Amino acid sequence: MVIMSFGHCNVKLSVTPCRGLVDEKLVILVQSTLPGARLTLRAFHRCDDGHEWEAFAHYLTNATGCLDISEEPSLGGTYYGVEPMGLLWSIRPVLGSKPGLRMRKMNVETPMEFTISVYQDHLTEFKEKAVLASQLVERWYMAPGVLRTPIMEHGLTATLFLPSGPGPFPAILDLWGGGGQLVEYRASLLASHGFASLALDYITPKISVETGKPVDNTYFENAFTFLQQHPRVMGERVAMLGLSFGVSFTLKMAAYSHVLKPKCAVCISGSHVQPTEGTMADILSYFDRNGHKAQLNDKNEVIMRNLLLPIPADPAYKVDMGRVKCPLLLVMGEDDQNWPACESAADMKEMMERAGNLHLLTILSYPNAGHLLEPPYSPHTRVSSFRSVGTREKVTALWGGECAAHAVAQEDAWKKTLEFLRHNLYA
Ligand SMILES: *[C@@H]1O[C@H](CO)[C@@H](O)[C@H](O)[C@H]1NC(C)=O
0 MVIMSFGHCN VKLSVTPCRG LVDEKLVILV QSTLPGARLT LRAFHRCDDG HEWEAFAHYL
60 TNATGCLDIS EEPSLGGTYY GVEPMGLLWS IRPVLGSKPG LRMRKMNVET PMEFTISVYQ
120 DHLTEFKEKA VLASQLVERW YMAPGVLRTP IMEHGLTATL FLPSGPGPFP AILDLWGGGG
180 QLVEYRASLL ASHGFASLAL DYITPKISVE TGKPVDNTYF ENAFTFLQQH PRVMGERVAM
240 LGLSFGVSFT LKMAAYSHVL KPKCAVCISG SHVQPTEGTM ADILSYFDRN GHKAQLNDKN
300 EVIMRNLLLP IPADPAYKVD MGRVKCPLLL VMGEDDQNWP ACESAADMKE MMERAGNLHL
360 LTILSYPNAG HLLEPPYSPH TRVSSFRSVG TREKVTALWG GECAAHAVAQ EDAWKKTLEF
420 LRHNLYA
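When we follow numbering that gives the first Met the number 0, the leftmost residue of the sequence shown carries the number 0, and every step to the right adds one.
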């Protein structure tokens with residue numbers, strides 16, 4: 000609690016918990032101002048790569064001079080209405096930042112720090128403005144006791160996160176999309192919720208350095224087997240979770256692998272469309288041929304779309320969904336501008352209905368949400384710079400989604416994803 004003098008009255012700001020997980024809700028209260036006072040609340044964050052982000056909202060204090068942002072509406076700013084977590088999910092690069100930024104935590108062993116401040120009056124510009132009260136909030140992906148271990152065995156480029164405690168734990172193999180790199184924040188958050196999680200980079204590593212040939216099915220199978228055989232993992236309870244390009248391999252493995260048999264699978268913003276007999280190189284060149292890329296949008300920005308539409312009728316270009324024998328959760332945004340997740344889901348559902356395994360399928364579909372469905376309260380990124388997986392050219396990718404609706408989707412989808420994983424891995 001911070002108290003600062005503001006004319007003849009004191010302003011107290013309380014933000015709790017001041018240290019917590021990124022998916023925990025904050026309670027933000029302002030007390031002891033005058034009734035009906037015009038206040039601005041602002042959140043400020045400097046991310047790992049030094050870029051500055053902010054959100055702000057205009058409020059009026061109530062008849063007793065208090066403000067509880069879970070009860071009072073924002074009257075303006077980066078979000079409107081009663082939004083207890085708006086100061087986090089509506090955060091965006093400060094004015095004048097380089098375009099195309101996307102906030103991604105690189106070092107999960109340090110927290111994200113947000114400064115929440117109160118200002119007098121309804122402001123939109125904060126330089127040199129007097130702060131009435133402010134508080135620093137730490138948001139973590141890694142809960143206390145979670146163990147992080149880089150993994151290089153079996154040629155893997157991966158990081159294992161183990162929950163606190165002796166285990167054994169159910170486990171999750173976590174695949175991001177075509178951007179590559181070892182991205183750890185989601186796996187570390189899953190470990191904070193009781194799942195041993197392996198973040199796997201399957202884009203950067205190559206089978207052979209000389210040919211630059213991408214990894215094959217064995218790579219995913221090795222990662223899965225590594226998890227299964229880990230002494231602190233329940234070998235029979237290993238799931239797969241993929242986003243975007245990661246969905247292609249999650250579905251391919253679940254349907255065809257004799258080694259990698261997930262207990263359940265979560266597929267976010269992805270598709271079953273791919274040459275099913277193909278190597279990763281074949282899949283990439285199929286996407287390159289069939290995607291519609293490098294168009295200009297209405298703001299004259301070059302955008303990357305990889306809409307594999309229409310969904311092919313030829314079964315050689317679709318994972319045979321009848322072969323999927325584990326519970327499957329599909330999560331998608333209905334304004335996904337990058338990947339035909341909704342069209343694919345409709346087709347997958349039809350295939351599963353015909354094959355008689357529809358009972359394994361759960362679909363979560365969110366209006367006005369985009370492609371990049373992240374853990375809750377992560378900022379919405381509609382457009383960002385992206386190095387395309389196949390050609391490695393730098394493009395501006397259009398992901399889609401509308402900020403507030405996307406935030407609703409992220410919060411609901413994460414809650415239901417954890418429920419699905421608990422139900423299928425712990426029950
Ligand atoms: C003003 O808000 C505070 C904090 O939520 C609450 O305790 C109080 O009852 C409210 N007062 C009125 C008059 O609504």
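Every residue gets a Cβ at the ideal spot worked out from N, C-alpha and C, and that includes glycine.
Since the model is a prediction, treat every value here as computed from it, not as a measurement.
- The beta carbon of Gln134 sits closer than 6 Å to the beta carbons of Val1, Leu12, Val14, Ile115 from its chain, once the five residues preceding and following it are set aside; these are given in chain order.
- Shown here for Phe223: same chain residues with a beta carbon closer than 6 Å to its own, the five before and five after excluded, namely Leu172, Leu259 in chain order.
- Note: Thr60 is not bridge-paired with any residue in the DSSP secondary-structure output.
- Ala264 and Asp281 have their C-alpha atoms some 24 Å from each other.
- Where Phe43 is concerned, the enclosing beta strand (DSSP E) starts and stops at 37-45.
- Residue pairing by DSSP places Val394 opposite Phe385 in a beta bridge.
- Ordered along the chain, residues surrounding ligand 1 are Asn61, Ala62, Thr63, Cys65, Asp67, Glu70 [Cβ under 6 Å from any heavy atom].
- Contact annotation: the stretch 266-284 does not touch the stretch 227-236, with fewer than three C-beta pairs closer than 8 Å.
- Look at the beta carbons and you see the stretch 211-225 not touching the stretch 137-148: under three pairs across the two are nearer than 8 Å.
- With contact defined as three or more Cβ pairs closer than 8 Å, the stretch 346-354 and the stretch 365-376 are not in contact.
- Following the DSSP letters along the chain, one finds Leu327 inside the beta strand (DSSP E) bounded by residues 327-332.
- Annotation: the stretch 141-212 contains the following complete segments of the alpha helix (DSSP H) (minimum length 4 residues), in chain order: 184-191.
- If you draw a straight line from the Cα of Leu20 to the Cα of Ala315, it comes to about 43 Å.
- Taking a C-beta distance under 8 Å as the contact criterion, Ala404 and Asn367 qualify as a contact pair.
- With a threshold of 16 other beta carbon atoms within 10 Å, Ser69 falls short and is exposed.
- Secondary-structure assignment with DSSP links Tyr118 through a beta bridge to Thr39, Val130.
- Comparing alpha carbon positions, the residue from Glu418, Leu363, Asn337, Met351 closest to Gly400 is Asn337.
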